[in-house]
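Asks: Just so we're aligned: 293 in the numbering used here is position 293 of the sequence shown, and the numbers increase by one with no gaps anywhere. Every residue gets a Cβ at the ideal spot worked out from N, C-alpha and C, and that includes glycine. In this text, all values refer to a predicted model and were calculated from it rather than measured experimentally. A single structure is presented below for examination.
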Amino acid sequence: MSDASTDPRPDESLFDKIVNLSKRRGFVFQSAEIYGGFRSTYDYGPIGVLLLRNVKDAWWRSMVQMRTDVVGLDASILSPPAIWEASGHLKNFTDPLVDCRNCGARHRQDKLDDPDVCPTCGVKGQFTEARQFNLMFKTHAGPMVESAAEVYLRPETAQGMFVNFSNVLNTSRKKPPFGIAQIGKSFRNEITPGNFVFRTREFEQMELEFFVPPADAAQWYEYWCQTRMQWYLDHGMPPEKLRLRAHDADELSHYSSGTSDVEFLFPWGWDELEGIANRGDYDLTQHAMHSGDKLDYFDQETNTRYRPHVIEPAAGATRTMMAFLLAAYDEEDVRGETRVVLRLHHRLAPYKVAVLPLSKKDTLVPVAQEVLAMVQPRWMCDYDETQAIGRRYRRQDELGTPYCVTIDFDTLDDRAVTVRERDSMEQERVAIADLVSYLDERLR
Ligand code: ATP
């Protein structure tokens with residue numbers, strides 16, 4: 001735990017700035033806006049879809065592509081009650097719900113600053129007894145609404161990895177320690193969704209289940225805590241806005257021998273980005289008991305059979321995307337004007353390159369198209385030929401585009417373009433013939 005007196009202060013004003021930028025520039029829109037908006041659901045616009053995809057790709061790259069001990073999975077979202085019966089979600093995946101008798105507002109009791117005071121109306125002592133509210137969305141598969149066809153939308157991706165443990169083991173030639181990774185949508189009927197995309201009822205997760213010999217679990221837990229912290233730092237999170245917080249004993253689930261949260265300093269204070277848990281053999285044992293499948297591993301070298309323990313780093317993709325946006329947002333004074341710039345890590349930037357002909361004149365457009373055709377197969381590019389060049393640069397700054405390539409009238413003579421770098425705003429003249437290697441060196 002960090003000492004509160006030395007904590008950096010959250011910047012409350014950042015929240016509105018990010019929500020406004022998201023709407024203005026096409027990162028995130030309120031869902032069903034033309035019908036008045038569907039509360040707490042969001043659509044990712046042309047820029048947001050790229051940023052979110054880059055966050056997920058960056059995770060997949062380091063968790064799957066760059067390792068030999070992790071394989072991927074994409075399990076179904078619809079799932080039968082048997083899975084949730086075994087996992088304990090039907091019984092235990094609940095939050096304590098309280099109603100305020102004074103104003104009628106509903107709150108999640110465990111998230112209240114003062115469990116006796118309603119944050120909506122400020123009145124004390126008017127809460128009802130807490131009721132346990134199950135967060136899973138239930139629906140029906142097939143044309144008949146009958147109990148036999150009840151299905152659930154998964155509230156986490158993790159169970160897909162546990163129920164496919166044998167399938168993956170038998171087909172992937174992996175053995176513990178090894179992991180199964182998955183990125184996908186999850187659904188929770190949250191009592192109090194809010195804070196923009198921080199807590200929504202439909203969201204995306206990035207989860208790894210890492211199966212290890214029981215004796216090595218504590219060591220792997222430490223490894224994953226450090227590795228996951230490093231991932232955020234490697235992708236540009238400022239260290240002073242990131243911390244690893246170990247759960248106290250009374251916060252731990254009964255099966256967990258250790259859980260730590262990666263926390264980010266959001267505009268409202270420290271809050272969770274990812275949980276890393278040492279889950280023991282709870283999940284495989286539960287599914288083994290309920291399904292009859294053994295869900296264990298026979299180690300031919302030592303001639304022993306054991307049920308692996310699991311270390312689970314579970315992150316939210318949409319929540320992490322928001323944190324990267326908040327961390328990257330910067331305002332600076334440039335010749336008396338405020339420049340808004342997203343200092344996103346290159347790997348996360350929605351567009352890597354913007355191709356900008358100085359004017360829409362017929363003479364420049366063919367060269368600009370030629371330049372675009374060179375860079376587009378390699379990087380996600382924007383092409384923009386309207387407005388004054390200064391305004392186009394500002395727009396790209398707000399999107400976090402690392403490089404703008406401008407084609408001007410000199411280009412027609414010298415076959416060179418101006419490359420402007422986002423953070424320093426420095427400009428350099430680069431021959432068209434060298435452009436791809438110039439950008440490749442810097443964007444690698
Ligand atoms: P919380 O205590 O905030 O409800 P949790 O501890 O139940 O979250 P986990 O079950 O550990 O969350 O899920 C792993 C990750 O999935 C979280 O760290 C978070 O990033 C993301 N996540 C969970 N619920 C939501 C949600 N409703 N909206 C967006 N992201 C979510």
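What is the chain-ordered set of residues for which the beta carbon lies under 6 Å from any non-hydrogen atom of the ligand ATP?
Replies: For the ligand ATP, the selected residues are E156, R188, E190, R199, T200, F203, Q205, E272, L273, E274, G275, A314, A315, G316, T318, R319.
Asks: Taking DSSP as the reference, what is the three-state secondary structure of Q457?
Replies: It is not possible to answer for residue 457, since the shown part of the chain is limited to 1 through 444.
Asks: Quick check on the DSSP output: the beta strand (DSSP E) that includes A431 runs from which residue to which?
Replies: First-last of the beta strand (DSSP E) with A431: 427 to 431.
Asks: What does V72 pair with, by DSSP beta-bridge criteria?
Replies: The sequence shown places Gly at residue 72, rather than the Val named in the question. G72 is bridged to A181.
Asks: Tell me whether N134 sits in a helix, a strand or coil according to DSSP, three-state version.
Replies: Residue state, collapsed to three classes: strand.
Asks: Measuring only the C-alpha atoms, how far is E332 from T401?
Replies: Distance between the alpha carbons of E332 and T401 is about 17 Å.
Asks: If you reduce the DSSP assignment to three classes, tell me which class A277 lands in.
Replies: A277: strand per DSSP, three-state reduction.
Asks: Can you tell me whether DSSP reads Y255 as helix, strand or coil?
Replies: Correct three-state label for Y255: coil.
Asks: Quick test of your reading: L348 and A58, contact by CB under 8 Å. State the CB separation rounded to the nearest angstrom.
Replies: Between A58 and L348 the Cβ distance is about 6 Å, and since that is below 8 Å, they are a contact.
Asks: What do you get for N54, buried or exposed, if any count of 16 or more other CB atoms within 10 angstroms of its CB means buried?
Replies: It is buried - the Cβ of N54 has at least 16 other Cβ atoms within 10 Å.
Asks: Tell me the residue span of the alpha helix (DSSP H) that contains V123.
Replies: From DSSP, V123 is part of no alpha helix (DSSP H); its letter is neither H nor E.
Asks: Can you list, in chain order, the stretches of the alpha helix (DSSP H) that have 4 or more residues and sit fully within the region 356 to 402?
Replies: Counting whole runs of 4 or more residues, the region 356 to 402 contains the alpha helix (DSSP H) stretches 365 to 375, 389 to 399.
Asks: Exposed or buried, what is V163 when buried is set at 16 or more other beta-carbons lying within 10 Å of its beta-carbon?
Replies: Buried, since its Cβ has 16 or more Cβ neighbours within 10 Å.
Asks: Buried or exposed: V450, going by 16 or more other Cβ atoms within 10 Å of its Cβ?
Replies: For the chain, the structure presents residues 1 to 444; residue 450 sits outside this window and is missing.
Asks: Considering only residues of the same chain and omitting the five flanking positions on each side of V64, which have a CB-CB separation below 8 Å?
Replies: Cβ neighbours of V64 beyond the five flanking positions: V70, V71, G72, A181.
Asks: Please report the straight-line C-alpha distance between A149 and M136, rounded to a whole angstrom.
Replies: Spanning the two alpha carbons is a distance of roughly 16 Å.
Asks: For D293, which option in F165, R61, R392, G179 has the closest C-alpha, if you only look at C-alpha atoms?
Replies: Selected option, being the one with the closest Cα: F165.
Asks: Give the secondary structure of D261 by DSSP, where H, G and I count as helix, E and B as strand, and everything else as coil.
Replies: D261: strand per DSSP, three-state reduction.
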